[in-house]
Amino acid sequence: MKKISICVICYNQEDYIIQCISSILNQKGNFHLELVIRDDCSTDNTFLVCQNYIKKIEKNDVSIKLLDSSINLGPNRNTMEVLKNCTGDFIAFCEGDDYWVCDTKLQQQLECADKYPNIDFFVHPAFYHYPNGKLEKKAWPILNQEIVNQSKILAAKWQFAPTSSYFIRSNIIKNLPLWFSDATIGDIYIEIYSAKNNIFVLNRYLSAYRYLSKNSWSLTFKSNAPEILAKKINHYNNFINCLEKIKIDFPNIENEINTKIKNLKIQLSKIYFFSGDKKKSKEIAEDLFNQNLNFTPREYIILKILKSPLILGFLLSIKNR
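The opening residue of the sequence shown carries number 1 in full-length UniProt numbering; numbering runs sequentially from there.
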């Protein structure tokens, strides 16, 4: 019988973590279940909530590991620490503020993995769970496809597939590059490195992504406060540097990576402008033009304006009147 390990990372998610854990423990199927949880030294009671809830669980057929949480590692190092403690044939992911909505999710993905032994990475769409409790079927980039390749990941404007849908052969996911630990995000890199042999999409909504939840990335990036703009600048620069490293490992998708980098640099130029660093904004815009890249009409106009900060300032002054 196959063993499936579940990687659960959490930080300041005391309001959500029980729903996450219970949705995992409710899974039914022909497999052994191993649940590995690590709270990243939360400032709330997330670890205590996990500890108390696990004590009440009476499931002899499930192995549960609640790792030490006394040190804050950061999201990706936290993920790596959990993966190090996973011993399953497959590893599934569910972050502490997400949850699964189908009790046969793992069994369905396991059957797909058995059917397609040459594919390592299996995903499905997820509901958006809004702060008011509403669930909505959102159009993820993976929808209405079955077998897709790495290039589709890079073409996605936001996240390619929900993290709570990841189901990966453990020998693949445990070979992430060393730089992953210090990256500002993790999802897209997990996707790219797990998709070397394509991705199988199960077109069923089997989990929920909690959109704009407290302490979430989606909520943080909605703000344009000066400290958030600084975080955005750091993130985009880190993102670009990581993609440059990926080109070395996957030269077959270099063109797609270059397109992604171009789009990120356009966003970065805009962020620098709104943070007040018009010189850096103009520098990035000019550099993109000098590379003789292909731009959509919209991108061309945006870059022309960013190259001429006085024009942009004038347009903004008109808008604010």
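Note that the Cβ used here is the ideal one computed from N, Cα and C, for glycine as well.
**Item:** Top-ranked residue by Cα proximity to Lys-260, from Pro-251, Ile-153, Gly-29 and Lys-2
**Value:** Ile-153
**Message:** Quick test of your reading: Ile-6 and Cys-94, contact by CB under 8 Å. State the CB separation rounded to the nearest angstrom.
**Reply:** 6 Å
**Request:** Let me know the secondary structure DSSP gives Arg-321 once reduced to three states.
**Result:** Only weak support is given to the placement of Arg-321: the predicted model assigns it a pLDDT of 48, under 50, and the question is left unresolved by the model.
**Prompt:** Given that a residue counts as buried once 16 or more other Cβ atoms are within 10 Å of its Cβ, and exposed if not, what is Trp-158?
**Reply:** exposed
**Asked** Using a beta-carbon distance below 8 Å, is Glu-254 in contact with chain C?
**Response** No chain C appears in the structure shown, which is made up of a single protein chain.
**Asked** Can you tell me the Cα-Cα spacing of Ile-9 and Asn-290, whole angstroms?
**Response** 43 Å
**Asked** Per DSSP, Ser-63 forms a beta bridge with which residues?
**Response** Glu-34
**Asked** Is the beta carbon of Thr-104 less than 8 Å from the beta carbon of Glu-34?
**Response** no
**Prompt:** Nearest-angstrom Cα distance between Val-82 and Arg-38?
**Reply:** 7 Å
**Asked** If you run the structure through DSSP and keep just helix, strand and coil, what is Ser-5?
**Response** strand
**Tyr-272 in three-state terms, based on DSSP** = helix
**Prompt:** Does the count of Cβ pairs from the region 117 to 128 and the region 162 to 179 closer than 8 Å reach three?
**Reply:** yes
**Item:** Neighbourhood of Ile-301 by C-beta, 6 Å cutoff - its chain only, sequence neighbours within 5 removed
**Value:** none
**Prompt:** In the structure shown, what three-state DSSP assignment does His-235 receive?
**Reply:** helix
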